[in-house]
Structure formats: C-alpha cells, structure tokens
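Numbering (the working numbering), first residue to last: 45 to 311.
Backbone N, C-alpha and C fix where the C-beta goes; we use that ideal spot for every residue, glycine too.
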Amino acid sequence: MLMSLAIVGAAGQTVVGAESAVGVAAAASKQSVWNGYERVDFQVAGRACLVVKPKAAAAGRPWIWRTEFFGHEPQGDLALLARGWHVAYLDAKNMYGAPKAIALMEAFHAHMTKELGLAQRVVLEGFSRGGLYAFNYAAAHPQKVAALYLDAPVLDIRSWPGKKRESKEWRECLAVYGLTEETVAAFKGGPLDNIAAVAKVGVPILSVCGGADKTVPLEENTAVLERRYRELGGLIQVIVKDGVDHHPHSLKDPAPIVDFLVKHARF
Numbered sequence: 045m046l047m048s049l050a051i052v053g054a055a056g057q058t059v060v061g062a063e064s065a066v067g068v069a070a071a072a073s074k075q076s077v078w079n080g081y082e083r084v085d086f087q088v089a090g091r092a093c094l095v096v097k098p099k100a101a102a103a104g105r106p107w108i109w110r111t112e113f114f115g116h117e118p119q120g121d122l123a124l125l126a127r128g129w130h131v132a133y134l135d136a137k138n139m140y141g142a143p144k145a146i147a148l149m150e151a152f153h154a155h156m157t158k159e160l161g162l163a164q165r166v167v168l169e170g171f172s173r174g175g176l177y178a179f180n181y182a183a184a185h186p187q188k189v190a191a192l193y194l195d196a197p198v199l200d201i202r203s204w205p206g207k208k209r210e211s212k213e214w215r216e217c218l219a220v221y222g223l224t225e226e227t228v229a230a231f232k233g234g235p236l237d238n239i240a241a242v243a244k245v246g247v248p249i250l251s252v253c254g255g256a257d258k259t260v261p262l263e264e265n266t267a268v269l270e271r272r273y274r275e276l277g278g279l280i281q282v283i284v285k286d287g288v289d290h291h292p293h294s295l296k297d298p299a300p301i302v303d304f305l306v307k308h309a310r311f
C-alpha cells in the first residue's frame, strides 16, 4: 500500500464546528504547536484543514500547500517556515485528485487567500499520490499556482494504483473518477493529459524522485512529464536519487528544494 495509514493520519485532530452556508468559512479553530511553530486546525467545507504560521511572515505572505501526508519528511516545509512561509494542508484523502477533490481545494484556496490574506498564488507540494491533487489543481487553476514541488509523484492512475487491480485504492480511485475497468483505458483526465495547460502559463516544476522507485516508477510518471514539459518550453528540474525506491521522500538536506522554490516561484 502506498503511504500507509500511519502517514495519512499525521494531519492531526479533527475539528468540530458549524460550516457556513456556502461551505467556505472556517469552523471554530484549535491552536497547538508543531515543531516550534503555531499550528491552527479548522474546517473548510466540512473538511479538516490546518495552517502552520511562521514566526514572521515574509513579504507577500508566500505559502506552500502539502496536498497529502502532512508532516511526513517535513524538512522542506520547516526550512520554508524559517524563511517566513506559511504551510497549509486540506484533508481530501482517498479522493485521488478527482474533480470533487479539486472543488474542495478551490474552496480551501479561497479561504486561505481571502480570510487569511495569503498570496493569491501558492506552491503545491505533492508527495506520492499527492501529485495527482497538485497537478490536477494546477491544470484547473494555473493562474493560482506559483510553482509545483512534486516528490515521487503519481501522475497516471494507471501506473498507480492501476497496476494493483485488486487493491482497495484502485476501487476507490475508479469510483471517485466515475470510471470502470472498461472505461479507464480511454481516461484523459489525469496530470499527463493536461500538461499543456500548466506549461502555457509557465508554472515552474521541481520533481524529486527515487531512481529505483518500484511503487511509482519514474519512467511512467515524472520522466514522461519532464520530456513533455521541456518540449512545451516549460521550466522543470528533476532530482533523481540513484538507487532509491519510493521511500524515503524529500532530501535529507532540503536546500536544493528551497533554493528552487525561492528562485522560481511566481508569487
């Protein structure tokens, strides 16, 4: 199973509170501390969300949005917090970046920008299956994305979870996209089908991958994206960790990740 339940559950406590009539305003919040920084848990559209605040916000109030597995290998997030970035998360797990998830993400983006005053453009951080959410949101709303940081990302549901046809994840994925075993072969709604929309507006992309990833193979996911994105004139940097499988994610020293985002993110 890809990124198991122990990681999925890392987002923290569920917050109970009344939704607004339009489902965008946050419910009552709960404050705590995460790695020395203030963390606020709340709800948007009935989903658990959180934001971690820097000690002092950087100019323009930049932020990075972890689309799945908040708190796993957080060294990049912590380095950006130290630079004054906010770190955010919306719990849309088991939705595999499908249109319903993208609609929830849009409500979350609206709350973070309008209510919390963060930058209109955000860096989307897609770990593993989180790549589906990050890239699909960028394809749907490219003008709202400052950059993409993809880490061993799933970019084709037929690569993962599609190679495990008996798995719970595959059944969930088909259901949330409204697909069947018969119709999925012709499916054109994934990240690799919508690269042009992201390249058109020049979203910078960083991808960190294991060169020996057997769960989400590099050649079926990031390598395809890299080739097509370059052909379209897009800026993409791929860091391949030789001999590394799907885990561990990120880099022990996150400096190359932070340097790319600070240099290229279009806030």
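Local conformation of residue i per DSSP, three classes
i, result
"residue 247", "coil"
"residue 97", "strand"
"residue 86", "strand"
"residue 273", "helix"
"residue 295", "coil"
"residue 92", "strand"
"residue 140", "coil"
"residue 228", "helix"
"residue 311", "coil"
"residue 19", "The chain is shown from 45 up to 311; residue 19 falls before or after that span and cannot be answered."
"residue 238", "coil"
"residue 198", "coil"
"residue 159", "helix"
"residue 182", "helix"
"residue 188", "helix"
Element boundaries [beta strand (DSSP E), containing residue i]
i, result
"residue 173", "Per DSSP, residue 173 belongs to no beta strand (DSSP E) and is neither H nor E."
"residue 302", "It is not in any beta strand (DSSP E) - residue 302 instead sits in the alpha helix (DSSP H) that spans 299-308."
"residue 281", "280-285"
"residue 288", "Counting along the chain, residue 288 falls outside any beta strand (DSSP E), and DSSP gives it neither H nor E."
"residue 75", "74-78"
Beta-bridge pairing of residue i - partner residues as DSSP gives them
i, result
"residue 193", "169, 250"
"residue 107", "130"
"residue 81", "78"
First through last residue of the alpha helix (DSSP H) which encompasses residue i
i, result
"residue 214", "212-221"
"residue 119", "119-126"
"residue 148", "143-154"
Close-in-space but distant-in-sequence residues of the same chain around residue i (CB under 7 angstroms, 5 per side omitted)
i, result
"residue 273", "239, 243, 249, 280"
"residue 208", "214"
"residue 282", "251, 253, 266, 270"
"residue 286", "255"
"residue 165", "188, 189, 190, 310, 311"
Beta-carbon proximity list for residue i, same chain, < 8 angstroms, skipping 5 on both sides
i, result
"residue 186", "241, 242, 244, 245, 247"
Own chain, CB closer than 6 angstroms to residue i, minus 5 neighbours either side, in chain order
i, result
"residue 82", "97"
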